[in-house]
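There are 2 protein chains.
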Amino acid sequence: MSVLDKSNKEKLILEVAQKRFGQYGVEKISMQEIADDLKLSKASLYYYFPDKESLYKAVVEKEQHEFITSITERILSIKEPDKLLREYVNTRLSYFRTLLNLSRLRLEAYSDLKPVFRETMIQFKAKEKEIIVKIFKDGVSKGIFFINDPVMTASLFLDLLKGLRISVVNDKKTLFIDDEEYSKLLYNTVAFTDIFIKGMSIK
Amino acid sequence: MSVLDKSNKEKLILEVAQKRFGQYGVEKISMQEIADDLKLSKASLYYYFPDKESLYKAVVEKEQHEFITSITERILSIKEPDKLLREYVNTRLSYFRTLLNLSRLRLEAYSDLKPVFRETMIQFKAKEKEIIVKIFKDGVSKGIFFINDPVMTASLFLDLLKGLRISVVNDKKTLFIDDEEYSKLLYNTVAFTDIFIKGMSIK
DNA sequence: ATCCTGACTATTTTGTTTAAATAGTCAGCT
DNA sequence: AGCTGACTATTTAAACAAAATAGTCAGGAT
Chain A
1 MSVLDKSNKE KLILEVAQKR FGQYGVEKIS MQEIADDLKL SKASLYYYFP
51 DKESLYKAVV EKEQHEFITS ITERILSIKE PDKLLREYVN TRLSYFRTLL
101 NLSRLRLEAY SDLKPVFRET MIQFKAKEKE IIVKIFKDGV SKGIFFINDP
151 VMTASLFLDL LKGLRISVVN DKKTLFIDDE EYSKLLYNTV AFTDIFIKGM
201 SIK
Chain B
204 MSVLDKSNKE KLILEVAQKR FGQYGVEKIS MQEIADDLKL SKASLYYYFP
254 DKESLYKAVV EKEQHEFITS ITERILSIKE PDKLLREYVN TRLSYFRTLL
304 NLSRLRLEAY SDLKPVFRET MIQFKAKEKE IIVKIFKDGV SKGIFFINDP
354 VMTASLFLDL LKGLRISVVN DKKTLFIDDE EYSKLLYNTV AFTDIFIKGM
404 SIK
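Residue numbers (our numbering), protein chains in the order written: chain A, 1 to 203; chain B, 204 to 406.
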């Protein structure tokens, strides 16, 4: 079942769960609490979602979908590849923050990720990479970027962004990022993107 | 007491500990085992080092010292800043691998680091930064690099390198990096350095 | 005085049991 | 089809015991 063809009730449940998970993280919210929020019994909640994992997965996929939709929209309105890339890293960072709140445990680590999530994550990474590859290739064809291997370079770019994100989280015990840390991360990310763009640009 | 003015016995102990910690990590090697290696009683080992932490700290500082010495040597023989930077990332990466073996737990994370280590780590980061700043400033004065804020850019560069390293480790349960992963990390690091250098170079 | 040791104690880690919390099921009602 | 109370199954947390290892010390050897 796709994100698009859900019943109203399911959508409502997803919204409530999204809000709750976003506030305290999956492992701190019980199914009972979500049911209470919906003024529903827990058993009824299980009528819609077979288990907690699938509910969480649906919320994560909803977030992913919202991010991809949002960024795809912008792609249509922005013409310059470099501007586009800057826009991308911005949006991506706020999405990162959302995901962080959603789980409150090292979300970007494959290691202790259940197979179900591994798959959705791989899919997301593929979409993400596709977007960046498109931007890079566009830049090349417009004569702005000089890139030998756009696919490899896209991977590298995404790895570096991820690295910056992880660096911040890795240094902390409590998996939460405050405004100050966020703006510092944003600053670093922007500075990095500038240099990277310059590094790819025709001299 | 500096790394330089230790008794022969202390040096020997450090070598043995360095080897042992390097093989299995600190937490998997007992003081008894190190003492056995040295054909010494555990109590004697404690005669030289007041506790395990200080022994471990001494080993880490030895490694740091070896790295800094090694890289400083190269700085003297290499003239071109870009070549120097490439040399740096190479050496730094092999040092990373050593440290990884030494602890086998997220060493680069400040969070659960005892104050003693936090200090030596801060010192090391400062030295590291100093080296990069020097390389950058040299590049600027030689008219090769164009950098507005060399200090900030050095921080960013080091953060990005760290990010790439952490990305690899973060995805794993077992904190060990094999040859294949290492060469992939090296490849990414080199590719990144190339783009970064280009991004800093005068057009 | 320097270096070393066996025999000790203190602390940390690991394993085990039990209790509590929460996930998940189901027969049956509306 | 959608919902529920009352149930069971699993997971997590707390408490305790046992094992491993860190760390101490009085005193012996050189």
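The C-beta atom is built at its ideal place from N, Cα and C for all residues, glycine as well.
- [ ] Identify whether residue 244 of chain B lies in helix, strand or coil by the three-state DSSP scheme.
- [x] Your numbering for residue 244 of chain B matches position 41 in the second sequence. Under the three-state reduction of DSSP, residue 244 of chain B is assigned to coil, being neither helix nor strand.
Task: Near-chain A residues of the segment 340–369 of chain B (beta-carbon distance less than 7 Å), N- to C-terminal order - done: With the criterion set as a beta carbon lying under 7 Å from some beta carbon of chain A, the members of the segment 340–369 of chain B are 359, 362, 363, 365, 366, 367, 369, in sequence order.
TODO: Would you tell me roughly how many angstroms separate the C-alpha atoms of residue 190 of chain A and residue 88 of chain A, rounded to the nearest one?
DONE: On the first sequence, residue 190 of chain A is found 190 positions in, with the first residue counted as 1. On the first sequence, residue 88 of chain A is found 88 positions in, with the first residue counted as 1. Those two C-alpha atoms are separated by around 11 Å.
Task: Range of the contiguous alpha helix (DSSP H) that encloses residue 171 of chain A - done: By 1-based counting over the first sequence, the position of residue 171 of chain A is 171. Taken as a continuous stretch (DSSP letters only), residue 171 of chain A belongs to no alpha helix (DSSP H), as it is neither H nor E.
Open item on the list: With three or more C-beta pairs closer than 8 Å as the rule, is the segment 156–169 of chain A touching the segment 314–327 of chain B?
Closed with: Below 8 Å, too few C-beta pairs join the segment 314–327 of chain B and the segment 156–169 of chain A to call them touching: fewer than three.
Task: N-terminal and C-terminal residue of the alpha helix (DSSP H) that residue 101 of chain A is part of - done: Within the first sequence, the letter at position 101 stands for residue 101 of chain A. First-last of the alpha helix (DSSP H) with residue 101 of chain A: 81–103.
Open item on the list: If I follow the unbroken alpha helix (DSSP H) through residue 335 of chain B, where does it start and stop?
Closed with: As a working note, residue 335 of chain B is residue 132 in the second sequence. Residue 335 of chain B -> alpha helix (DSSP H) spans 318–344.
TODO: Check whether the Cβ atoms of residue 18 of chain A and residue 59 of chain A lie closer than 8 Å to each other.
DONE: Start at 1 with the first residue of the first sequence, and residue 18 of chain A comes out as number 18. Start at 1 with the first residue of the first sequence, and residue 59 of chain A comes out as number 59. Yes. Within cutoff.
- [ ] List the whole-angstrom C-beta distance separating residue 299 of chain B from residue 260 of chain B, where the pair is believed to meet the contact cut-off of C-beta under 8 Å.
- [x] The residue given as residue 299 of chain B occupies position 96 in the second sequence. The residue given as residue 260 of chain B occupies position 57 in the second sequence. Not a contact, Cβ separation roughly 18 Å.
Task: Three or more C-beta pairs below 8 Å linking the segment 162–175 of chain A and the segment 362–378 of chain B - done: At 8 Å Cβ cutoff, the stretches touch.
Open item on the list: Could you check whether residue 284 of chain B and residue 237 of chain B sit closer than 8 Å to each other, using their CB atoms as the reference points?
Closed with: Here residue 237 of chain B corresponds to residue number 34 of the second sequence, with the count starting at 1. Here residue 284 of chain B corresponds to residue number 81 of the second sequence, with the count starting at 1. 8 Å or more divides the Cβ of residue 237 of chain B from the Cβ of residue 284 of chain B.
Task: the segment 370–402 of chain B: positions lying closer than 7 Å to chain A by Cβ - done: Those residues of the segment 370–402 of chain B that come within reach of chain A (Cβ to Cβ, closer than 7 Å) are 370, 373, 374, 375, 376, 391, 394, 395, 398, 399, 401, 402.
- [ ] Please classify residue 370 of chain B: does DSSP put it in a helix, a strand, or coil?
- [x] In the second sequence, counting from the first residue as 1, residue 370 of chain B sits at position 167. When secondary structure is reduced to three states using DSSP, residue 370 of chain B falls in the helix class.
Task: Beta carbon of residue 303 of chain B nearer than 8 Å to that of residue 396 of chain B - done: Residue mapping note: residue 303 of chain B aligns to position 100 of the second sequence, counting from 1. Residue mapping note: residue 396 of chain B aligns to position 193 of the second sequence, counting from 1. Cβ atoms of residue 303 of chain B and residue 396 of chain B: not closer than 8 Å.
Open item on the list: For residue 2 of chain A and residue 199 of chain A, what's the separation of their Cα atoms in angstroms?
Closed with: Locating residue 2 of chain A in the first sequence gives position 2, counting from the first residue. Locating residue 199 of chain A in the first sequence gives position 199, counting from the first residue. With a pLDDT of 48 at residue 2 of chain A, under the threshold of 50, the predicted position of this residue should be treated as unreliable, though the coordinate-derived value follows. Distance between the alpha carbons of residue 2 of chain A and residue 199 of chain A: 40 Å.
- [ ] Measuring alpha carbon to alpha carbon, tell me which of A/20, A/185, A/73, A/11 ends up nearest residue 104 of chain A.
- [x] Looking up residue 104 of chain A in the first sequence gives position 104. Of A/20, A/185, A/73, A/11, the residue nearest in Cα terms is A/20.
Task: Local Cβ density within 10 Å of residue 211 of chain B, reported as buried at 16 or more and exposed below that - done: Within the second sequence, residue 211 of chain B is the residue found at index 8, counting from 1. Residue 211 of chain B is exposed by the Cβ-count criterion.
Task: Residue(s) in a DSSP beta bridge with residue 404 of chain B - done: The residue you call residue 404 of chain B lines up with position 201 of the second sequence. Assignment of beta-bridge partners to residue 404 of chain B by DSSP yields B/348.
Open item on the list: Assuming the contact rule is C-beta atoms closer than 8 Å, residue 113 of chain A and residue 25 of chain A should be a hit. Round their C-beta distance to whole Å, please.
Closed with: Residue mapping note: residue 113 of chain A aligns to position 113 of the first sequence, counting from 1. Residue mapping note: residue 25 of chain A aligns to position 25 of the first sequence, counting from 1. About 15 Å separates the beta carbon of residue 113 of chain A from that of residue 25 of chain A, a gap too long to meet the 8 Å contact definition.
Open item on the list: My output table needs one value for residue 239 of chain B: the three-state DSSP class, helix, strand or coil.
Closed with: Position 36 of the second sequence, counting from 1, holds the residue named residue 239 of chain B. It is helical.
Open item on the list: Can you tell me whether residue 184 of chain A is buried or exposed? The criterion is at least 16 other CB atoms within 10 Å of its CB, across all chains shown.
Closed with: Walking along the first sequence from the start, residue 184 of chain A turns up at place 184. Note on residue 184 of chain A: under 16 other CB atoms within 10 angstroms of its CB, so exposed under the neighbour-count rule.
Open item on the list: Measuring only the C-alpha atoms, how far is residue 249 of chain B from residue 318 of chain B?
Closed with: Mapped onto the second sequence, residue 249 of chain B falls at position 46. Mapped onto the second sequence, residue 318 of chain B falls at position 115. Spanning the two alpha carbons is a distance of roughly 21 Å.
- [ ] Could you tell me the boundaries of the alpha helix (DSSP H) in which residue 59 of chain A lies?
- [x] What you label residue 59 of chain A is simply residue 59 of the first sequence in a count that begins at 1. Residue 59 of chain A: member of the alpha helix (DSSP H) spanning 52–77, first to last residue.
TODO: Answer yes or no: do residue 61 of chain A and residue 98 of chain A have a C-beta to C-beta separation smaller than 8 Å?
DONE: Numbered from its first residue, the first sequence carries residue 61 of chain A at position 61. Numbered from its first residue, the first sequence carries residue 98 of chain A at position 98. The beta carbons of residue 61 of chain A and residue 98 of chain A sit no closer together than 8 Å.
Open item on the list: Can you look up residue 382 of chain B in the DSSP assignment and give me helix, strand or coil?
Closed with: On the second sequence, residue 382 of chain B is found 179 positions in, with the first residue counted as 1. Of the three classes helix, strand and coil, the one that applies to residue 382 of chain B here is helix, per DSSP.
- [ ] Go ahead and pull the three-state DSSP assignment for residue 155 of chain A.
- [x] As a first step, residue 155 of chain A is located in the first sequence; it is residue number 155 there, counting from the start. DSSP, reduced to helix, strand and coil, places residue 155 of chain A within a helical segment of the structure shown.
Open item on the list: Between the alpha carbons of residue 381 of chain B and residue 375 of chain B, how many angstroms are there, rounded?
Closed with: What you label residue 381 of chain B is simply residue 178 of the second sequence in a count that begins at 1. What you label residue 375 of chain B is simply residue 172 of the second sequence in a count that begins at 1. Between residue 381 of chain B and residue 375 of chain B, the C-alpha separation is close to 11 Å.
TODO: Go through its chain and collect everything with a Cβ distance to residue 71 of chain A's Cβ below 7 Å, but skip five positions before and after it.
DONE: As a working note, residue 71 of chain A is residue 71 in the first sequence. Here residue 71 of chain A has 88, 91, 131 as same chain residues with Cβ atoms under 7 Å from its own Cβ, once five neighbours each way along the sequence are excluded.
- [ ] Report back the beta-carbon spacing between residue 39 of chain A and residue 31 of chain A to the nearest angstrom; my notes put them in contact at under 8 Å.
- [x] Indexing the first sequence from 1 puts residue 39 of chain A at position 39. Indexing the first sequence from 1 puts residue 31 of chain A at position 31. With a beta-carbon spacing of about 14 Å, residue 39 of chain A and residue 31 of chain A fall beyond the 8 Å limit used to define contacts.
Task: Reference residue 297 of chain B; option with closest CA among B/214, B/239, B/364 - done: For the purposes of this step, residue 297 of chain B is taken as residue 94 along the second sequence, with counting starting at 1. The option with the nearest alpha carbon to residue 297 of chain B is B/364.
Open item on the list: Contact criterion: CB-CB distance below 8 Å. Does residue 206 of chain B meet it with respect to chain A?
Closed with: Position 3 of the second sequence, counted from the first residue, corresponds to residue 206 of chain B. Residue confidence is low: residue 206 of chain B scores 46 on pLDDT, short of 50, so the model does not pin down where it sits. Its coordinate-derived value is still stated next. Closer than 8 Å: no.
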